[in-house]
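Residue numbers (the numbering used here): 54 to 432. Ideal placement from N, C-alpha and C gives every residue a C-beta, glycine not left out. Model, not experiment: these values are computed from the prediction. Everything on this sheet refers to the single structure shown next.
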Amino acid sequence: MATYLEQLETPVPIVDLDRLAFNLDRMAAYATLHGLRLRPHVKTHKSPRIAAEQLRLGAGGLTCATLREAEVMAEVCDDLLVAYPPVGAARLERLARLPSTVKVGVAADDGDAMPALAVAAKLSRRVFDVYVEADMGMHRVGLATPEKAVALARQVSDLSSLNFAGLLFYPGHIREPMTEQSQPLAVLSAQLARYLEALDDAGLPAKIVSGGSTPAAWRFHEVHGVTEVRPGTYVYNDRTTANIGACDWDDCALTVLATVVSVAVKGQAVVDAGAKALGREPLRAEGDGYGALLDRPDVVVSRMSEEHGILDLSKTAWRPRLGDQVRIVPNHVCIVVHLFDEIVGVRGHAVETRWPVAARGRGPAYDLAPEGPSRPRAV
Ligand SMILES: Cc1ncc(COP(=O)(O)O)c(C=O)c1O
54 MATYLEQLET PVPIVDLDRL AFNLDRMAAY ATLHGLRLRP HVKTHKSPRI
104 AAEQLRLGAG GLTCATLREA EVMAEVCDDL LVAYPPVGAA RLERLARLPS
154 TVKVGVAADD GDAMPALAVA AKLSRRVFDV YVEADMGMHR VGLATPEKAV
204 ALARQVSDLS SLNFAGLLFY PGHIREPMTE QSQPLAVLSA QLARYLEALD
254 DAGLPAKIVS GGSTPAAWRF HEVHGVTEVR PGTYVYNDRT TANIGACDWD
304 DCALTVLATV VSVAVKGQAV VDAGAKALGR EPLRAEGDGY GALLDRPDVV
354 VSRMSEEHGI LDLSKTAWRP RLGDQVRIVP NHVCIVVHLF DEIVGVRGHA
404 VETRWPVAAR GRGPAYDLAP EGPSRPRAV
């Protein structure tokens, strides 16, 4: 096993353990300070080891997108929210087969999905929490009006195996620099107030109001009525998060360690991290390229093939040599994590630990037991 960064085979995602610990602590402290329940989204790290640390620091539960994430996280957490539409027989069957010790919640925006969800809950002999999802401006999923949210909440309340747990939204459309978020957050507060009032008036108050993202994470206490936040990216951060100002450049905990493999073409250097290591993710903030060097943020990955990343040297006098290692801060860290089986934990130049990205992929995390009379069947 490699002891130092220089001995690692590249490309490889490495995590600065001190920065990771700082990021975890900071978000836990923010949530405590503002009386918000933290339910981090695990899609960023996909690792029970980090989830366990989030829970140890006070998180009240976890958020997942895929059923594999939920199955893996059930090892460390007994309160899971699958913030993804509960649609399709295979998805419902896997929901129903989550360990009976786990409290399961789902986000929903369509009454047509409720009868099958209710059957899945019944077959697994439990009650699913349903969070009615509202569209607050991202226009991805979610109901567009308070009236529609009330109608779905009522439908859920009328089904004995479902529990109307609250209102949920994802403010993924708020990507302004942190200092310019006052206006979109005020709009969000006003929209949310209308949903909460309509639910109150219908006698269906939302006990939990779940929102949150990393770009808006540090100002979410300004959104009135929110009780729970679900940031995910904050554990590692990335170039987009830093450019938005929701973290400092030095808070980027995960970088892709790469090796310079060619300097033959003038004005550039080629590293062994291409699209299959960095993902072809645009920077969802000011700037260009697919990643930037940790030590030289003015050097960006300007072009990529599958296994080649082209470093643009036009803005620097620095000229790397063949075999040099560089650390690349990716534009979108969640995509990078999903591209690797394992993460390497480092302190300075020393390799300290490794952990698997256990929830990557989509297949079941464990063998499904043969169906017996008490096991839920496909619904
Ligand atoms: C439903 C939902 N909640 C929370 C998050 C976490 O947001 P972020 O990645 O900005 O931390 C996401 C991210 O995709 C999401 O889709």
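Asked, Found
"What residue does the beta strand (DSSP E) around residue 407 start on, and which one ends it?", "403-409"
"Entirely within the region 149-180 and at least 4 residues each: give me those alpha helix (DSSP H) ranges in chain order.", "167-176"
"In terms of alpha-carbon separation, which member of 413, 312, 268, 157 lies closest to residue 301?", "268"
"Would you list, in sequence order, the uninterrupted alpha helix (DSSP H) runs of no fewer than 4 residues that lie entirely inside the region 61-88?", "70-86"
"Give me the residue from 239, 169, 244 with the minimum Cα distance to residue 209.", "169"
"For residue 174 versus residue 215, is the C-beta distance shorter than 8 Å?", "yes"
"Have a look at residue 94 and residue 380 and give me their C-alpha separation to the nearest angstrom.", "25 Å"
"For my contact list, residue 304 and residue 76 are in at a C-beta cut-off of 8 Å; report their separation, rounded to the angstrom.", "6 Å"
"Under a criterion of Cβ closer than 5 Å to any non-hydrogen atom of ligand 1, which residues qualify, in chain order?", "94, 136, 223, 266, 267, 283, 284, 285, 286"
"Should residue 189 and residue 217 be called a contact, given that it needs their Cβ atoms to be closer than 8 Å?", "no"
"Measure the C-alpha to C-alpha separation of residue 434 and residue 286 and round it to an integer number of angstroms.", "Any answer about residue 434 is impossible in this case: the structure gives the chain only from 54 up to 432."
"Between which residues of its own chain and residue 212 is the CB-CB distance below 6 Å, once the five residues before and five after are set aside?", "171"
"Determine the burial state of residue 322: buried for a count of at least 16 other Cβ atoms within 10 Å of its Cβ, exposed for fewer.", "buried"
"With which residues is residue 57 paired in a DSSP beta bridge?", "403"
"Measure from the alpha carbon of residue 394 to the alpha carbon of each residue in 329, 405, 384, then state which is nearest.", "329"
"Can you list, in chain order, the residues of its chain with a C-beta nearer than 6 Å to that of residue 334? Leave out the 5 residues immediately preceding and following it.", "384, 385, 388"
"Which runs of the alpha helix (DSSP H), 4 residues or longer, sit entirely within the region 192-239?", "199-210"
"State buried or exposed for residue 101, treating a residue as buried only when at least 16 other CB atoms are found within 10 Å of its CB.", "buried"
"Going straight from the alpha carbon of residue 273 to that of residue 262, what length do you get?", "12 Å"
"For residue 92 and residue 115, which I take to be in contact (beta-carbon distance under 8 Å), what is that distance rounded to the nearest angstrom?", "6 Å"
"Between which two residues does the beta strand (DSSP E) holding residue 415 run?", "Premise fails: residue 415 is in no beta strand (DSSP E) and is neither H nor E."
"Work out the CA separation of residue 290 and residue 281 for me, nearest whole Å.", "20 Å"
"Does DSSP classify residue 354 as helix, strand or coil?", "strand"
"Enumerate in chain order the residues of its own chain whose CB-to-CB distance from residue 276 is below 7 Å, with the five nearest sequence positions on each side excluded.", "238, 241, 242, 245, 264"
"By Cβ distance below 8 Å, which residues in the same chain neighbour residue 436 in space, the five residues on each side in sequence not counted?", "The requested residue 436 is not part of the displayed model; the chain covers only 54 to 432."
"With a threshold of 6 Å on Cβ separation, who are the neighbours of residue 423 within its own chain once the five nearest residues in sequence on each side are excluded?", "Note that residue 423 has pLDDT 48, beneath the 50 cutoff, so the model's placement of it is unreliable and the number below is only indicative. No residues qualify anywhere along the chain."
"Does the beta-carbon of residue 420 have 16 or more other beta-carbons within 10 angstroms, so that it is buried, or is it exposed?", "exposed"
"Taking the alpha helix (DSSP H) that residue 383 falls in, what are its first and last residues?", "Note, residue 383: premise wrong, no alpha helix (DSSP H); beta strand (DSSP E) at 378-383."
"Cβ of residue 199 within 8 Å of Cβ of residue 147?", "no"
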